[in-house]
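S.K.: After the structure tokens below, expect a handful of questions from me.
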Amino acid sequence: MASETWQCRACDSGEVFQFLDLKEMPVTNRYPTKEDVEAFHRGEKKEHKYPLRVGMCGNCSMVQLSDFVPYAEYIVPDETGRTNYAFFSSQSTTMQAHFAQFAETIKRRFLNKGEGVAEIGGNDGIMLRAFDRSKYRVLNIEPSSNVAEISRSKGIETIESLFTPKLAMELLHSHGEFKVVSCANVLLNIHDINGVFEGARIMLSNNGVFITQDPYWPSVLKDTGFDQFYEEHPWCFSLKPLEHLAESHGMELFDAQLFPAIHGGSMRAYFSKKGAYEKTKRCSDYQRREQWANTPEACNNFASRVEKSKKNLLSILNNIKSQGKRIIGYAAASKGTVILNYCGIGAETLDYVVDSTPTKQGRYIPGVRIPIVSPEEFYREIERGNAPHYALLGARNYAKEIQEKEKEFVRGGGRFIVALPKPRIL
Ligand SMILES: [Zn+2]
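-7 is the number of the first residue of the sequence shown in my numbering; add one for each residue after it.
In structure tokens form, the structure reads like this:
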């Protein structure tokens, strides 16, 4: 086990111990073109990679990457200078229902008529549109141009910006105090999380509430979910480090709720200024139950399971190849790219990766350089009776839906393979 330590980006102590080394990793959402790949082969161009190492702080227990990739490496503006975000929250019906319920909870528990609710990274307004704008003050702070535009078109006041303490101060002056500031699946993307807590405190009224929701470290642990770690996710939270962080900004944790079905386990955490709310019993219960996850033993155990998982996946794939059968990848996504690169699975194993996103088609999986093709090409192979025998899934959360969707492939004898939580043929 590597004994390297580094400085905690949450609490500043020098006590982060490394427990997992996923080696050199490319930026997972930059799909090289054919020209790029040829230039890589000729040695004229180098694919940018960074060390993907994961550690836990010995002081505050925050799980974090050793190297934070600068935003500019993976949030690339288009030719008009706009930054676009490819994931529209409202496209997923599961997420729509989840956020509608979230909005109801906020209204019922905290929000009175005339009070304000602000969301950091509110995407296309999936949650905020559930608030009646004639009753409440509603504000979306969203840095990505394309989704900010949709949010605005829904009648939601939207500020196109990153969230910083400076912006929070300006908003306090221009908009007054807010009763609720929320951020869902956003905190784990932000490098300066101290700035987010500081900014939230500035904007909140004395009995205001700051709510975060992100993938939960104990859930990631249970699932051997190492594909959770890549440039866009430099953090993984449990309640302990979040509470520590809040306290260093004059706030406290007072409630929490786990959603096991969202992103494999998503924890909502509620913070307020000191003394405004009493800590709930369920919050204390979660904190007691998560203690095991905040230990070096749990981390080291995770790391050995990750290694074992790699060995098992490779043995499944090698076994199939030795029978002369064909395997493809299904869906080009960041998580899949992490798995393929860490396991060293390239074009010698997967003939291609099929993906329905037009901007990815004709390009290659970063690092391992497997060509990405459209579903039509995949279907043509099936029609011609030349279907691949196996398809390795890049998105483990949707295995059932995908099996249902690709009935033709399955009917012809095609089988899907999942890499996590345990590598297996479905
Ligand atoms: Zn720390």
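Virtual Cβ for every residue (Gly too), placed ideally from N, Cα, C.
For the alpha helix (DSSP H) that S276 lies in, which residues bound it at each end?
M.R.: K273 to R281
S.K.: Would I362 and G321 qualify as a contact pair, given that the criterion is a beta-carbon distance under 8 Å?
M.R.: yes
S.K.: Measure how close the beta-carbons of A238 and M195 come, nearest whole angstrom, since I'm counting them as under 8 Å.
M.R.: About 15 Å separates the CB atoms of A238 and M195; that is not less than 8 Å, and the two are not in contact.
S.K.: So which of H33, Q(-1), G50 and P18 has the shortest CA-CA distance to P233?
M.R.: For P233, the closest alpha carbon among the candidates H33, Q(-1), G50 and P18 is that of G50.
S.K.: What are the start and end residues of the alpha helix (DSSP H) that includes P18?
M.R.: Here P18 belongs to no alpha helix (DSSP H); instead the beta strand (DSSP E) covers V8 to P18.
S.K.: Say yes only if the C-beta of N51 is nearer than 7 Å to one or more non-hydrogen atoms of ligand 1, and no if none qualify.
M.R.: N51 Cβ: within cutoff of ligand 1.
S.K.: What residues match up with M161 in a beta bridge as DSSP calls it?
M.R.: Answer is none; M161 lacks a bridge partner.
S.K.: What are the start and end residues of each continuous beta strand (DSSP E) run of 3 or more residues lying completely inside the region 211 to 266, in chain order?
M.R.: 243 to 251 and 258 to 265
S.K.: Can you tell me where the alpha helix (DSSP H) with K26 in it begins and where it stops?
M.R.: K26 to R34
S.K.: In the DSSP assignment, find the beta strand (DSSP E) that holds S174 and state where it starts and stops.
M.R.: Bounds of the beta strand (DSSP E) holding S174 are F170 to A176.
S.K.: How long is the line joining the alpha carbons of A110 and E141, rounded to whole angstroms?
M.R.: Between the alpha carbons of A110 and E141 lies a gap of roughly 17 Å.
S.K.: Below 8 Å between beta carbons: does that hold for T156 and G187?
M.R.: Going by C-beta atoms, T156 is nearer than 8 Å to G187.
S.K.: Rounded to whole angstroms, how far is the Cβ of S230 from the Cβ of Y208, which I believe are closer than 8 Å?
M.R.: 7 Å
S.K.: Out of curiosity, what's the CA-to-CA distance linking Q(-1) and R125?
M.R.: Approximately 44 Å between the Cα atoms of the pair.
S.K.: Please determine whether the Cβ atom of S5 lies at a distance below 7 Å from any heavy atom of ligand 1.
M.R.: yes
S.K.: How would you call M(-7), buried or exposed, if buried means at least 16 neighbouring beta carbons within 10 angstroms?
M.R.: The pLDDT assigned to M(-7) is 46, lower than 50, so where the model puts this residue is not dependable, and the model offers no usable value.
S.K.: With a 10 Å radius around its C-beta and 16 neighbouring C-beta atoms as the bar for buried, classify H225 as buried or exposed.
M.R.: buried
S.K.: Are Y42 and D28 touching if we call contact CB-CB under 8 Å?
M.R.: For Y42 and D28, no; Cβs fall outside 8 Å.
S.K.: Taking the alpha carbon of E373 as the point to measure from, which residue in F401, K352 and R355 has its own alpha carbon closest?
M.R.: Nearest option by C-alpha distance: F401.
S.K.: Less than 7 Å separating the Cβ of A2 from some heavy atom of ligand 1?
M.R.: yes
S.K.: By DSSP's criteria, D206 is part of a beta bridge. Which residues make up the other side?
M.R.: M259
S.K.: Please name the residue in P380, E369, E396 and Y334 whose C-alpha comes closest to that of P358.
M.R.: Y334
S.K.: Are the beta-carbon atoms of T(-3) and F9 separated by less than 8 Å?
M.R.: yes
S.K.: Using DSSP's beta-bridge definition, name the partner residues of G47.
M.R.: Q10 and Q56
S.K.: Thinking C-beta only, is G328 closer than 8 Å to G242?
M.R.: no
S.K.: With distances taken Cα to Cα, identify the nearest neighbour of L342 among N286, S84, E36 and L306.
M.R.: L306
S.K.: Could you tell me the boundaries of the beta strand (DSSP E) in which I320 lies?
M.R.: I319 to Y322
S.K.: Rounded to the nearest angstrom, how far is the Cβ of T216 from that of V298, given a contact under 8 Å?
M.R.: Rounded, the Cβ-Cβ distance is 6 Å, consistent with contact.
S.K.: Count the other CB atoms, across all protein chains shown, that sit within 10 Å of the CB of D277; report buried if there are 16 or more and exposed otherwise.
M.R.: Looking at its Cβ environment, which holds fewer than 16 other Cβ atoms inside 10 Å, D277 is exposed.
S.K.: Assuming S264 and F246 are in contact, meaning their beta carbons sit under 8 Å apart, how far apart are those beta carbons, in whole angstroms?
M.R.: With a contact defined as Cβ atoms closer than 8 Å, S264 and F246 qualify at about 6 Å.
S.K.: In whole angstroms, give me the CA-to-CA distance for C3 and R45.
M.R.: 19 Å
S.K.: When every heavy atom of ligand 1 is checked, does at least one fall within less than 7 Å of the C-beta of M119?
M.R.: no
S.K.: Examine ligand 1 and report whether any of its heavy atoms sits within less than 7 Å of the Cβ of I17.
M.R.: The sequence given here places Met at residue 17; Ile does not occur at that position. No; taking the cut-off as 7 Å, the Cβ of M17 has no heavy atom of ligand 1 nearer than that.
S.K.: Compute the Euclidean distance between the alpha carbons of E398 and S348, then round it to the nearest angstrom.
M.R.: Going from the Cα of E398 to the Cα of S348 covers about 13 Å.
S.K.: Smallest Cα separation from E284: which of K266, S211 and K302?
M.R.: According to the sequence provided, residue 284 is Trp. The question's Glu does not apply to it. Measuring from the Cα of W284, the nearest candidate turns out to be S211.
S.K.: Mind checking whether S421 and D206 have CB atoms under 8 Å apart?
M.R.: No answer is possible for residue 421: the residues shown for the chain start at -7 and end at 418.
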